[in-house]
Every structure is written in C-alpha cells, then in structure tokens.
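Heads up: the structure comes next, in structure tokens.
Shown next as structure tokens:
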C-alpha cells in the first residue's frame, strides 16, 4: 500500500507529540515505582504504547503502529530520556507487538477489541523484552505474574481504550475527514 504524504505527516506529528508525552510520564512512573516497587511502572506502561494504536486506527495501513512507536521512541531519546538509544529498540519492539494485532486481522478490522489487543500485544512484546534486558528474571514468579497482568491491563486500557477515545475525539473535530478512520467507521463496530 502506498502512503500519502498527509498520512506520513500526521503519523510523524502524532509520534512527536507522544514522544514528548512519554518523556513527561517518566516522573509519574518513578513516583509509582517508589510507592509500589517495580509493579508501579506497569500500572502506567500502556501510555508508552498509545501512539501505535492511535496512528494505526487513524491511518489503517501496515506499518503505522510500528513506525509511529519507533519515531516516538526516537523523539524521546533525542529529548533526553536517560535510557538512551536502547529505548529506540524498545519502541520498535512495542510497535511490533501492536502491529501484530492489526496484522492478525489483515489490517481490515479496527474495532475496540482489536485496539485493545494491540495494546496487549505491545504489553506482551515489551514484557518479554524487559525480561531479558531489565533483569526481570530476578523477581519471584508471583511478582512476574503480577507485573505481567498489570502491564496487560494497562496496555488494554491506556493504549487500547484511551487510544481509541483520543483518535475518536480527533476525528470528531473534522480534521481527519480524509483519513481511513473516517471511511472505515461503519466497520469498527
């Protein structure tokens, strides 16, 4: 599928905005982790997947979830995230997790359950990645299970449900009339 210039621009603009949002949520995660331990990060982890759901829901083309998440992670690194360039790899992995849900429908369905699945896919992929690079293996099985369950719920709610709400709100402004979201709304139910 060929991408139109306006699709690329909107995807990039969303990615830049959410790269800034992602960076702004780091202190929130730190406070939650200070209060609740490592599971505190998982409570809000879904916010770091939201642009993949929003961009894919608006544009409805293969690669939208992956590219938007990768660009957002790159912006976050350029603005000073302390993780550095490895965060870009994390963004790519999260984007692949979201992309997998849309690919499973052959990029034909963008209903709320599919958007929730995309948020959960990003959660699954990111948790697997975190297991290997963030030392999750040191945690007890119970802690790992709790972290994973909370991250799945966060991906479902913050990326899937909130992502749909944000994209629908943007659509209601009329700014997305020429995008696939406007043409495919009848199929989303």
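In the numbering used here, the protein residues as written are 170 to 358. Every residue, glycine too, gets a C-beta built ideally from N, C-alpha and C. The model shown is predicted, which means the values in this text are computed figures rather than measured ones.
Taken in chain order, the complete alpha helix (DSSP H) segments of 4 or more residues contained in the region 265–311 are 281–302. Relative to residue 325, the option among 236, 228 and 286 whose CA is nearest is 286. In the structure shown, residue 214 adopts helical secondary structure according to DSSP, grouped into three states. With contacts defined by Cβ atoms closer than 8 Å, residue 264 and residue 238 form a contacting pair. By the 16-neighbour rule on beta-carbons within 10 angstroms, residue 309 is exposed. The straight-line gap separating the alpha-carbon atoms of residue 203 and residue 214 is approximately 15 Å.
When the Cα atoms are used, residue 305 and residue 299 turn out to be separated by approximately 7 Å.
Excluding the 5 residues flanking it on each side, residue 212 has same chain C-beta neighbours closer than 7 Å at 201, 319 and 323, in chain order. Inclusion of residue 289 and residue 233 in the CB contact set at 8 Å is not warranted, their separation being larger than that value. In the DSSP annotation of this structure, the continuous segment of the alpha helix (DSSP H) that includes residue 196 starts and ends at 195–205. The straight-line gap separating the alpha-carbon atoms of residue 189 and residue 275 is approximately 31 Å.
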